[in-house]
Amino acid sequence: MGGALNINHLLFLGHGALWTIGLSAIALIGGGSFGFLIALGRVSPSRAVRLLAATYVQLIQGTPLLVIMFLSFFGLAALGFNISPLLAAGASMTIFVAAYLGEIWRGCIEAVPKQQWEAAEGLALSRSQRMVKVILPQAIRLATPPTVGFMVQIVKNTSLASVVGFVELTRSGQIINNSLFEPFIIYSIIAVVYFSLCYPLSRLSRRLERSALQKKPALA
Amino acid sequence: MGLVLDFSVVLDRWQALLDGATLTLQLAIIAVVCGATIGVFGAIGRRGGNVLVERLCGAYVEAIRNTPLLVQIFLVYFGLSSLGLQFSAFTVAAVALTINVGAYTTEIMRAGFDSIHKGQIEAAEGLGLSKAQIYWHVIIWPGIERVYPALTSQFVLLMLASSVTSQISAEELTAVANYIQSETYRSFETYIVVALIYVALSFIMRFGFWLLGLALFPRRRRLGTPL
Amino acid sequence: MNAHVNPPAAPPNAPVVALRNVHKSFGSLKVLDGVSFSVGRGEVTVLIGRSGSGKSTALRCIDRFETIDGGEIEVCGRRVDDAGLDVRALRQDVGIVFQSYNLFPHLTIEENITLAPHAVKKVPKAEARALAAKVLAQVGLEEKLHAYPEQLSGGQQQRAAIARSLAMQPKVMLFDEVTSALDPELTGEVLKVIEALAADGMTMVLVTHEMSFARGIADQVVFMHKGKVHEAGPAGILSSPSTPELAQFVGTGF
Ligand SMILES: Nc1ncnc2c1ncn2[C@@H]1O[C@H](COP(=O)(O)OP(=O)(O)O)[C@@H](O)[C@H]1O
Ligand SMILES: [Mg+2]
Numbered sequence: 001m002g003g004a005l006n007i008n009h010l011l012f013l014g015h016g017a018l019w020t021i022g023l024s025a026i027a028l029i030g031g032g033s034f035g036f037l038i039a040l041g042r043v044s045p046s047r048a049v050r051l052l053a054a055t056y057v058q059l060i061q062g063t064p065l066l067v068i069m070f071l072s073f074f075g076l077a078a079l080g081f082n083i084s085p086l087l088a089a090g091a092s093m094t095i096f097v098a099a100y101l102g103e104i105w106r107g108c109i110e111a112v113p114k115q116q117w118e119a120a121e122g123l124a125l126s127r128s129q130r131m132v133k134v135i136l137p138q139a140i141r142l143a144t145p146p147t148v149g150f151m152v153q154i155v156k157n158t159s160l161a162s163v164v165g166f167v168e169l170t171r172s173g174q175i176i177n178n179s180l181f182e183p184f185i186i187y188s189i190i191a192v193v194y195f196s197l198c199y200p201l202s203r204l205s206r207r208l209e210r211s212a213l214q215k216k217p218a219l220a
Numbered sequence: 001m002g003l004v005l006d007f008s009v010v011l012d013r014w015q016a017l018l019d020g021a022t023l024t025l026q027l028a029i030i031a032v033v034c035g036a037t038i039g040v041f042g043a044i045g046r047r048g049g050n051v052l053v054e055r056l057c058g059a060y061v062e063a064i065r066n067t068p069l070l071v072q073i074f075l076v077y078f079g080l081s082s083l084g085l086q087f088s089a090f091t092v093a094a095v096a097l098t099i100n101v102g103a104y105t106t107e108i109m110r111a112g113f114d115s116i117h118k119g120q121i122e123a124a125e126g127l128g129l130s131k132a133q134i135y136w137h138v139i140i141w142p143g144i145e146r147v148y149p150a151l152t153s154q155f156v157l158l159m160l161a162s163s164v165t166s167q168i169s170a171e172e173l174t175a176v177a178n179y180i181q182s183e184t185y186r187s188f189e190t191y192i193v194v195a196l197i198y199v200a201l202s203f204i205m206r207f208g209f210w211l212l213g214l215a216l217f218p219r220r221r222r223l224g225t226p227l
Numbered sequence: 001m002n003a004h005v006n007p008p009a010a011p012p013n014a015p016v017v018a019l020r021n022v023h024k025s026f027g028s029l030k031v032l033d034g035v036s037f038s039v040g041r042g043e044v045t046v047l048i049g050r051s052g053s054g055k056s057t058a059l060r061c062i063d064r065f066e067t068i069d070g071g072e073i074e075v076c077g078r079r080v081d082d083a084g085l086d087v088r089a090l091r092q093d094v095g096i097v098f099q100s101y102n103l104f105p106h107l108t109i110e111e112n113i114t115l116a117p118h119a120v121k122k123v124p125k126a127e128a129r130a131l132a133a134k135v136l137a138q139v140g141l142e143e144k145l146h147a148y149p150e151q152l153s154g155g156q157q158q159r160a161a162i163a164r165s166l167a168m169q170p171k172v173m174l175f176d177e178v179t180s181a182l183d184p185e186l187t188g189e190v191l192k193v194i195e196a197l198a199a200d201g202m203t204m205v206l207v208t209h210e211m212s213f214a215r216g217i218a219d220q221v222v223f224m225h226k227g228k229v230h231e232a233g234p235a236g237i238l239s240s241p242s243t244p245e246l247a248q249f250v251g252t253g254f
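So the sequence lines, in the order shown, correspond to chains A, B and C. 220 is the number that full-length UniProt numbering gives the last residue of the first sequence; the numbers go up by one with no jumps. 227 is the number that full-length UniProt numbering gives the last residue of the second sequence; the numbers go up by one with no jumps. 254 is the number that full-length UniProt numbering gives the last residue of the third sequence; the numbers go up by one with no jumps.
Here it is, written out as structure tokens:
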């Protein structure tokens, strides 16, 4: 590389963009799974579990993702793990996303009317049956628009994985810039790529929200 | 292997940590005040009736909300210097954070203004209030009151996000942490301490906004409505 | 779980539901103040009274949706006030239908009905579907098997909710103002279903504001006033009340 911006640079950026998508997917799957447990913990009948989940959410939502990145990177090293940027970035995003998605989903679980719980109780369903067969299917519908909306945050926040050396879109831009010294042009291109990843998600989330508002289920 | 944590060398640098935390709060406050001002005008612009202004405000909001803050910071940093303008890292950080939070605030305040019932505005028109007076008394303050909790959350998120400005060497809390860990080699401990300071800062900010809310919205104070 | 173990043997003529001196408060608000009444097998008891007099609370206590502060409740030979009660076993014996239907909106009517028999009683799927068809026929909705709740009228939804309870083959049914959310022209179809159940010998406790319906169906009327059973007796007390409060209540309709 070096010299003027050429096709190889763009291919390198494209490669970085693919890793941005890959890390976003890891964050969504990892953070989604863990976040689901957090959401269940927040509505658990056990006080201790509720407290534990709430403390987790408070701590993570009070810490910048950048600091979580450093904590994972150095923490995994201190624990004797062989740190790779992918591991540190994936762990950080999972920890971070779980706290936010967990809280969003808790809201959705609690938004299912109390009468639905009672009707299920009246039919002698066990707590886990009530959750799995009655509450969660309804909560998932409520959760779809805000979850898609949060995916925008996930994609944008993967840019911070650049600080632990994970070569996603932003980091690949930094690397190119080190040889080209055209920061404004390069970061403009990067911004456009992020925008084209995020904007469709934003639009979709808003459309889902609107259609969910339109067909609010009647008293059922 | 055993994990042995030693916080003493980190805590010895409490003065630097305190300075960093102070700068973080300063950055957040500057960005919140300027961003909220942008937000009020942006929200008015988005519903004001002039198509061009509406489009412009909309484009600003979408551009900011769909790109990472880190990239925005780099663009402001390198954009200003490519224009031949040299500013301190702190100024650049404050500008970038303001632009960022201004967009989110615009969107939140628009929702607040839109929630004001038409009848309220018609009543004010019937009383002969001017357009500016109607905005000020009937739309802006009642609108902000409704979305105050959402604004508070957004401002706390902004304070946390200000850590990203360490990447252009603004001397805020995360930059101080980076510096301390490179000197002490106690990286894990450093970031644990700093994470806890951020948690404390978010509580302080929430508390501050709660107090501010009581001062700004006497109705809530009197009715005991939670903010 | 011991769904198939019979409850402790009760004497043959023991009441299906019995409340004895039941007390219940919400915070400082006394809602049930020494309530007693009992319901024999195959009997229909109608609870009436002003809004806020504690009718719903009494009903909810019977199905352990609320725990009581004092007194005794016995349902199908089980002590409901016992802290160690097997709540799910109780609820298999008791069906409850609410004012707001509370069908599960994400399930078809058939799925609404087969859910509990299959999940709780382990009735095989095919058998549960046959059961669903049977109870839906009972409430006159056999053609709505595959509809979703929102496709049904309020009256149909409430009948489906009754069918859902019936599918658990309860020994007693509780109805809490099940027609109050319905337009007047739709209440009749629901009341007819309940009348048919009574004729079939179902034991029932129901709260209603439909006085002529109550008069026709009740073996026993319990008039609640300020958390107490103010007057109780056969349906005749609605025509010749002996307390001024009941007289006034019947006179105004509410
Ligand atoms: N879960 C509850 N918490 C507090 N108060 C309640 C609760 N449920 C009912 N109440 C109060 O108890 C009183 C009796 O209510 P209810 O049994 O529903 O009366 P009814 O069904 O006769 O109209 C009312 O004043 C009501 O507000
Ligand atoms: Mg009631």
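Every residue, glycine too, gets a C-beta built ideally from N, C-alpha and C. This structure is a prediction, so every number in the text was calculated from the model and none was measured.
The beta carbon of P146 of chain A sits closer than 6 Å to those of I104, all from its chain and outside the five residues before and after it, given in chain order. Ligand 1 has no heavy atom closer than 7 Å to the beta-carbon of V16 of chain C. About 23 Å separates the CB atoms of V94 of chain C and P149 of chain C; that is not less than 8 Å, and the two are not in contact. Shortest gap from the CB of V207 of chain C to any heavy atom of ligand 2: under 7 Å. Residue contact with chain B for G75 of chain A: present (Cβ-Cβ distance below 8 Å to some residue of chain B).
The three-state secondary structure of A36 of chain B, taken from DSSP, is helix. Among the residues of chain C, those whose CB is under 7 Å from the CB of Q129 of chain A are A119, following chain order. Of the residues assessed, Y185 of chain B falls on the exposed side of the cut-off, its CB having fewer than 16 other CB atoms within 10 angstroms. By the Cβ test, the region 131 to 140 of chain C is not in contact with the region 137 to 144 of chain A, since fewer than three Cβ pairs between them sit closer than 8 Å.
Spatial neighbours of T98 of chain B in its own chain (CB-CB distance under 8 Å, excluding positions within 5 residues in sequence) are listed in chain order as I30, A31, C34, G35 and I38. Residues of chain B whose Cβ lies closer than 8 Å to the Cβ of S188 of chain A are, in chain order, L75. Where K156 of chain A is concerned, the enclosing alpha helix (DSSP H) starts and stops at L136 to N157.
Here K30 of chain C carries a strand assignment [DSSP, helix/strand/coil]. Per DSSP, the beta bridge partners of G70 of chain C are C:H23. Look at Q115 of chain A: its C-beta is under 8 Å from a C-beta on chain C. Put simply, the CB of Y179 of chain B is far from chain A, with every gap to its CB atoms at 8 Å or more. Not one heavy atom of ligand 1 lies closer than 7 Å to the C-beta of F65 of chain C.
The DSSP-derived three-state label of R41 of chain C is coil. The beta carbon of E121 of chain A sits closer than 8 Å to those of R130, all from its chain and outside the five residues before and after it, given in chain order. Considering only beta carbons, the part of the region 158 to 174 of chain B lying closer than 9 Å to chain A consists of M159, L160, A161, S162, S163, V164, S166, Q167, L173 and T174, in chain order. Leaving aside the five residues that flank F87 of chain B on each side, the residues in its chain whose CB is nearer than 7 Å to its CB run, in chain order, L80. Taking each of A:G173, A:Y194 and A:I154 in turn and checking the Cα distance to I185 of chain A, the smallest one comes out for A:G173. Approximately 30 Å separates the beta-carbon atoms of I109 of chain C and V80 of chain C; this is outside 8 Å, ruling out the contact. Listed by position along the chain, the residues with Cβ atoms less than 5 Å from a non-hydrogen atom of ligand 1 are C:F26, C:V31, C:S51, C:G52, C:S53, C:G54, C:K55, C:S56 and C:T57. Assignment of V193 of chain A by DSSP, reduced to helix, strand and coil, places it in the helix class. Under DSSP, K228 of chain C takes part in a beta bridge, and its partners are C:H225.
Secondary-structure assignment with DSSP links I48 of chain C through a beta bridge to C:F223. Counting C-beta pairs closer than 8 Å gives three or more between the region 147 to 166 of chain C and the region 178 to 197 of chain C, which meets the contact rule. Secondary structure note for M93 of chain A: its alpha helix (DSSP H) is the uninterrupted segment P85 to A111.
Under DSSP, F73 of chain A takes part in no beta bridge, so it has no partner. Under a criterion of Cβ atoms nearer than 9 Å, the residues of chain C adjacent to S126 of chain A are, in order, M1, R88, A119 and V120.
The closest heavy atom of ligand 2 lies 7 Å or more from the beta carbon of E74 of chain C. At a cut-off of 8 Å between C-beta atoms, L17 of chain B does not count as an interface residue with respect to chain A.
In this structure, A167 of chain C and L131 of chain C form a Cβ contact; the two beta carbons are roughly 5 Å apart against a cut-off of 8 Å. For R146 of chain B, no CB of chain A lies under 8 Å from its own CB, so it is not counted at the interface with that chain.
Interface flag for T94 of chain A against chain B is unset, since no Cβ pair is found closer than 8 Å.
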